[in-house]
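Quick mapping for you: the protein sequence lines, in order, are chains A and B. First residue of the first sequence? That's -3 in the numbering used here, and the numbers climb one at a time after it. First residue of the second sequence? That's 24 in the numbering used here, and the numbers climb one at a time after it. Below is one structure, written out as structure tokens; comments come after it.
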Amino acid sequence: GAVVSQHPSRVICKSGTSVKIECRSLDFQATTMFWYRQFPKQSLMLMATSNEGSKATYEQGVEKDKFLINHASLTLSTLTVTSAHPEDSSFYICSARPFSGTVGEKLFFGSGTQLSVL
Amino acid sequence: GDSVTQMEGPVTLSEEAFLTINCTYTATGYPSLFWYVQYPGEGLQLLLKATKADDKGSNKGFEATYRKETTSFHLEKGSVQVSDSAVYFCALSERNSASKIIFGSGTRLSIRP
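Quick look at the structure:
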């Protein structure tokens, strides 16, 4: 099946620094990519939807200046956590949808990134 | 708003045991329901789905039935294997939503040989 590569799988950084997470679709082109975060024992929460070549759409309560999303090509989206703070420590996961595909069924996920901010 | 509540883990079972992971949902419309599975070190992948009431989704020996009257979509398997050890996520999407999937918090399942 289709593969989505997410990198890094784990990152530890100091408070105030920025961290970039990459999400690549390896064998298909993704018009749309999604970014989620998950706190311990809580649901995966959709943060934003990114469409290639246009600005990301952020969910209510997600700071767009804090979580910068770039979807510059049909196979790559990046999430940058700017000026990270300990409360940003979380599990971040991306997913990608090919050109053709219904919601839920044709949605491929990366393996996630565990971010720890000291 | 819409939400999904699932059984809190971890769940530990012996091989060949019967598995049930409970999932209930709250939705204003008529959602589609999903179970996703995440094996260690891998991304989430769709395990099964049901798009309307009384539909039964099945895959790899797992089953779940869309119960509108109880707003539930419990995951079951008659005889689990060690290879079923993973995290299982229940999820829904509204029919008129182009992209939004709402997930439960996940249930970690460990199977002892």
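Here a beta-carbon is modelled for each residue, glycine too, at the ideal position from N, C-alpha and C. If you're wondering where the values come from, they're calculated on a predicted model, not measured in any experiment.
Among the options, whose alpha-carbon lies nearest the alpha-carbon of residue i?
i	options	result
T51 (chain B)	B:S95, B:S26 and B:E99	B:S26
I65 (chain A)	A:S86, A:S85, A:C90 and A:F35	A:C90
Q61 (chain B)	B:P54, B:S55 and B:L69	B:L69
W58 (chain B)	B:K72, B:Y48 and B:Y89	B:K72
G24 (chain B)	B:S133, B:R135, B:R131 and B:L115	B:L115
E150 (chain A)	A:Q25, A:N47, A:I8 and A:W31	It is not possible to answer for residue 150 (chain A), since the shown part of chain A is limited to -3 through 114.
S39 (chain A)	A:Q110, A:F87, A:R93 and A:N47	A:F87
S73 (chain A)	A:E48, A:R6, A:S107 and A:I8	A:E48
Y48 (chain B)	B:R131, B:F112 and B:T94	B:T94
Q2 (chain A)	A:M43, A:T71 and A:I8	A:T71
G127 (chain B)	A:K16, A:M29, A:P36 and A:S11	A:P36
A(-2) (chain A)	A:G108, A:T53 and A:P94	A:P94
L75 (chain A)	A:F63, A:S69 and A:L42	A:F63
G101 (chain B)	B:S37, B:T28, B:G64 and B:Q29	B:S37
A92 (chain A)	A:K16, A:T27 and A:L42	A:T27
R135 (chain B)	B:G129, B:G66, B:K75 and B:V103	B:V103
M29 (chain A)	B:R131, B:A109 and B:K123	B:K123
E39 (chain B)	B:Q29, B:S108 and B:T130	B:S108
K60 (chain A)	A:F104, A:F105, A:A68 and A:M43	A:M43
F104 (chain A)	B:I44, B:M30 and B:E65	B:E65
K10 (chain A)	A:S107, A:S85, A:G108 and A:G106	A:S85
Q25 (chain A)	A:A52, A:H67, A:R6 and A:S5	A:H67
Could you give the C-beta distance for residue i and residue j, rounded to a whole number, given that I count them as a contact under 8 Å?
i	j	result
S21 (chain A)	V0 (chain A)	6 Å
T33 (chain B)	E117 (chain B)	Correcting the residue type first, residue 33 (chain B) is Pro in the shown sequence and not Thr. 30 Å between Cβ atoms; not a contact.
H81 (chain A)	V113 (chain A)	6 Å
T35 (chain B)	S133 (chain B)	5 Å
L56 (chain B)	F96 (chain B)	4 Å
According to DSSP, residue i sits in a beta bridge with which residue or residues?
i	result
E60 (chain A)	Here residue 60 (chain A) is Lys; the residue named in the question, Glu, does not match the sequence. DSSP output for K60 (chain A) lists no bridge partner at all.
P33 (chain B)	P33 (chain B) pairs with nothing; no bridge assigned.
V77 (chain A)	A:V15 and A:F63
T(-1) (chain A)	Checking the sequence shown, residue -1 (chain A) turns out to be Val, not Thr. In DSSP, V(-1) (chain A) forms no bridge with anything.
I134 (chain B)	B:L36
I124 (chain B)	I124 (chain B) pairs with nothing; no bridge assigned.
V105 (chain B)	According to DSSP, which records beta bridges pairwise, V105 (chain B) is partnered with nothing at all.
K100 (chain B)	B:L42 and B:F85
S46 (chain A)	A:M29
A92 (chain A)	A:M29 and A:F104
T109 (chain A)	A:Y88
A114 (chain B)	B:F57 and B:F126
S5 (chain A)	DSSP lists no partner for S5 (chain A).
L40 (chain A)	A:Q34
L72 (chain A)	A:R20 and A:S69
T53 (chain A)	A:T45
- Query: Enumerated in chain order, which unbroken segments of the beta strand (DSSP E) with a length of 3 residues or greater are wholly contained in the segment 35 to 90 of chain B?
  - Reply: 42 to 44, 46 to 49, 55 to 61, 68 to 73, 79 to 82 and 85 to 88
- Task: Could you run through the segment 88 to 120 of chain B and flag, in chain order, every residue whose CB is less than 8 Å away from some CB of chain A?
- Result: Residues are counted here when their Cβ sits less than 8 Å from a Cβ of chain A; for the segment 88 to 120 of chain B these are F112, A114, S116 and S120, given in chain order.
- Task: Could you list the residues in the segment 7 to 36 of chain A with a C-beta less than 7 Å from some C-beta on chain B, going in chain order?
- Result: T28 and F30
- Going along the chain, which residues of the segment 70 to 89 of chain B sit with their C-beta nearer than 8 Å to a C-beta in chain A? K72
- Item | Residues, ordered as in the chain, of the segment 34 to 63 of chain A that lie near chain B by beta-carbon distance below 7 Å | Along the segment 34 to 63 of chain A, the positions whose C-beta sits under 7 Å from a C-beta of chain B are K37, Q38, S39, L40, L42 and T45, read in chain order.
- Message: Please list, in chain order, the residues of the segment 38 to 52 of chain B that have any C-beta partner in chain A closer than 7 Å.
- Response: none
- Residues in the segment 76 to 87 of chain A with C-beta within 9 Å of chain B's C-beta atoms, listed in sequence order? none
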